[in-house]
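Written below as structure tokens is the structure these notes are about.
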Amino acid sequence: NAGVTQTPKFQVLKTGQSMTLQCAQDMNHNSMYWYRQDPGMGLRLIYYSASEGTTDKGEVPNGYNVSRLNKREFSLRLESAAPSQTSVYFCASSEEVRHRVNEQFFGPGTRLTVL
Amino acid sequence: AQSVSQHNHHVILSEAASLELGCNYSYGGTVNLFWYVQYPGQHLQLLLKYFSGDPLVKGIKGFEAEFIKSKFSFNLRKPSVQWSDTAEYFCAVNARTGGFKTIFGAGTRLFVKA
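Taken in order, these protein sequences are the chains called F and W.
In terms of our numbering, the first sequence is residues 1 to 115.
In terms of our numbering, the second sequence is residues 1001 to 1114.
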């Protein structure tokens, strides 16, 4: 099993450009998440999807959109990149147990720089 | 709003020293608690978790954490650290009524000198 995979690993964008970060998991998990990690701020939730066909905003959703394409895939789109979106982006998935959030499994991250 | 505080941003220890990393959270209801670790160049992975029961939980690689409800704390401990414990450690809290939102602390970077 590959677990959680993300593409690309690195990306440099110019301000105003758009891009989509891809994430896939092969563990048959219902829930998927997108986080950004910034120095001194830990991980902050951008969007999550509790199940196929549903998405919800997290702490910092502005400037992002998501698509839960199917149970395996959850993509994050930046429509018009800004330097403030320079960060490391992590995708994660989890399986809830009796409505409790269980352990999250993380992808390797995408390091994005916006110039 | 929920928040998670990790008291130390950077910790430097010598091998064989004892480790305690502090974590406090702000939510007053029932919570699920986690510690994750990120080794250099690797994914975040789970060290240990607490849902209910014995407040002293044991995780991988000799780590343990104690849930003290009255103090809203979930501190991570290890009696004797090794150079290979050099990593960043994150405390995370999920309030059961908060759905699927897990709040992470800012992280503590641990450097263990050989």
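All C-beta atoms in this analysis are idealised placements derived from N, C-alpha and C, irrespective of residue type, glycine included.
A quick note: this is a predicted structure, and the numbers were derived from the prediction, not measured.
| Item | Value |
| --- | --- |
| Beta-bridge partners of A92(F), as assigned by DSSP | Y33(F) and F106(F) |
| Close Cβ partners of L43(F) (< 6 Å) along its chain, the five nearest in sequence each way excluded | Y35 and Q37 |
| Chain-ordered residues of the region 1040–1054 of chain W with a beta carbon less than 7 Å from chain F | H1043, L1044, L1046, K1049 and F1051 |
| Test: F1104(W) CB closer than 9 Å to a CB of chain F | yes |
| Residues that S1014(W) bridges to, as DSSP identifies them | K1113(W) |
| Length of the line joining the Cα atoms of S94(F) and H29(F) | 6 Å |
| Chain-ordered neighbours of P108(F) on chain W, where CB pairs are closer than 7 Å | H1043 |
| Exposure of N1094(W), with buried meaning 16 or more beta-carbon neighbours within 10 Å | buried |
| Candidates N1075(W), V1031(W), E1066(W) and S1018(W): closest to Q1002(W) by CA position | V1031(W) |
| The region 17–36 of chain F: positions lying closer than 9 Å to chain W by Cβ | S31, Y33 and Y35 |
| Proximal residues to G40(F) (C-beta, below 6 Å), its chain only, five neighbours per side dropped | none |
| Neighbourhood of I1103(W) by C-beta, 6 Å cutoff - its chain only, sequence neighbours within 5 removed | Q1002, V1004 and V1093 |
| Check whether G3(F) and M32(F) have beta carbons under 9 Å apart | no |
| Buried versus exposed call for G1053(W) [16 or more other C-beta atoms within 10 Å across all chains shown] | exposed |
| Rounded distance between the beta-carbons of E1064(W) and K1071(W), thought under 8 Å | 17 Å between Cβ atoms; not a contact. |
| Integer-rounded CB distance, given that S75(F) should sit under 8 Å from S87(F) | Going by Cβ atoms, the distance from S87(F) to S75(F) rounds to 17 Å, so no, they are not a contact pair. |
| Local Cβ density within 10 Å of F1111(W), reported as buried at 16 or more and exposed below that | exposed |
| Selected residue, minimal CA-CA separation from K1101(W), among E1020(W), N1008(W), L1021(W) and L1033(W) | L1033(W) |
| Chain-ordered neighbours of F1090(W) on chain F, where CB pairs are closer than 8 Å | G42 and L43 |
| Under 8 Å from the C-beta of H1007(W): neighbouring residues of chain F | Here the premise fails: no neighbours, minimum Cβ distance about 13 Å. |
| Three-way DSSP call (helix, strand, coil) for K1049(W) in this model | strand |
| Cross-strand partners of E1020(W) (DSSP beta bridge) | R1077(W) |
| Between the CA atoms of T1086(W) and P1040(W) - distance to the nearest angstrom | 8 Å |
| Buried or exposed by the 16-neighbour rule on C-beta atoms within 10 Å, applied to I46(F) | buried |
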